[in-house]
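Peer 1: Can you keep this structure in mind? I'll have questions shortly.
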Amino acid sequence: MTRAAEAPPAPEVLSAPVEVAADSTQFRNSVALFATGIAVVTMQDGEGSVHGATINSFTSISLDPPTVMISLKPGYAHELISKSGWYGVSVLSKTQQEHSRYFCGTRDSDWHPQFVAGENVPTLFGSLARFECKVIDTITVNDHTLFLARVARCESEDGSPLMFFASTYHQPALGES
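Going from the sequence shown to our numbering is simple: count from 1 and add 1464.
Dropping the structure here:
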């Protein structure tokens, strides 16, 4: 969390562009050390079928009004959200690793997730938190699109999150030393 405070004077801005070229492998290894929660973004096609994708690029942007953001590469999920203007976000609990794998395309069995029918878009049953989001803006940054959205509806449950750290799933035991 950040708290507004009087900032010192800003340093002088460089007038010439600075060449930044981090090694992509080192960047991937470094950013993997930032622990994140795991979520599934859901959307519907024109026939009402539910589709989803596992993400860890979900963030709160503003509390007033409630605004969130996801980041997606071009693909089917990107296309459906762009067409409908809606997406759902389900924050996965520590017991939902199978959900994450399912929406990454790893389907080892005939198992299928259950959905909660929302007012605007379905979300995943049993998730820690569920958000129904109306897209208000998009920003393309390199090979991803940021979908900024107003939260139309949300709800939450008690539990512990499914986490991702160092390219591995983790199931923290919150409240334990």
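Think of the CB as a built atom: it goes at the ideal place given N, C-alpha and C, for glycine as much as any other residue.
Please state the DSSP three-state secondary structure of F1491.
Peer 2: helix
Peer 1: Can you tell me whether A1637 is helix, strand or coil according to DSSP?
Peer 2: coil
Peer 1: Could you check what DSSP says for H1544 in three-state terms: helix, strand or coil?
Peer 2: One point to set straight first is that residue 1544 is Leu, not His, in the sequence displayed. Shown here, L1544 sits in a helix according to DSSP, grouped into three states.
Peer 1: Beta carbon of V1532, beta carbon of R1594: below 9 Å?
Peer 2: no
Peer 1: Identify the residues that DSSP records as bridge partners of C1618: which are they?
Peer 2: F1595
Peer 1: Which whole runs of the beta strand (DSSP E) in the segment 1482 to 1539 are 3 residues long or more, in chain order?
Peer 2: 1503 to 1508, 1514 to 1519, 1522 to 1527, 1530 to 1536
Peer 1: Taking a contact to mean a Cβ-Cβ separation below 9 Å, would you say I1525 touches I1502 in this structure?
Peer 2: 9 Å or more divides the Cβ of I1525 from the Cβ of I1502.
Peer 1: With G1549 and V1514 assumed to form a contact (beta carbons below 8 Å), what rounded beta-carbon distance in angstroms separates them?
Peer 2: Actually they are not in contact, since the Cβ atoms of G1549 and V1514 sit about 16 Å apart, beyond 8 Å.
Peer 1: Counting beta carbon pairs with one atom in the segment 1558 to 1572 and one in the segment 1622 to 1634, are three or more of them shorter than 8 Å?
Peer 2: yes
Peer 1: To the nearest angstrom, how far is the alpha carbon of Q1508 from that of P1530?
Peer 2: 22 Å
Peer 1: What does DSSP give as the partner residue(s) for V1605 in the beta ladder?
Peer 2: H1608
Peer 1: Run the CB neighbour count on G1516, radius 10 Å, all protein chains shown included, and call it buried at 16 or more, exposed below.
Peer 2: buried
Peer 1: Run through DSSP, which three-state label would T1632 get?
Peer 2: strand
Peer 1: Give the DSSP-derived three-state secondary structure of S1564 in the structure shown.
Peer 2: helix
Peer 1: Any idea what DSSP makes of G1573, helix, strand or coil?
Peer 2: With the sequence shown as reference, residue 1573 is identified as Ser, and Gly is not the correct amino acid for it. Reduced to three states, the DSSP call for S1573 is coil.
Peer 1: Buried or exposed for Y1540, please, with buried defined as at least 16 other CB atoms from any protein chain shown within 10 angstroms of its CB.
Peer 2: With a threshold of 16 other beta carbon atoms within 10 Å, Y1540 falls short and is exposed.
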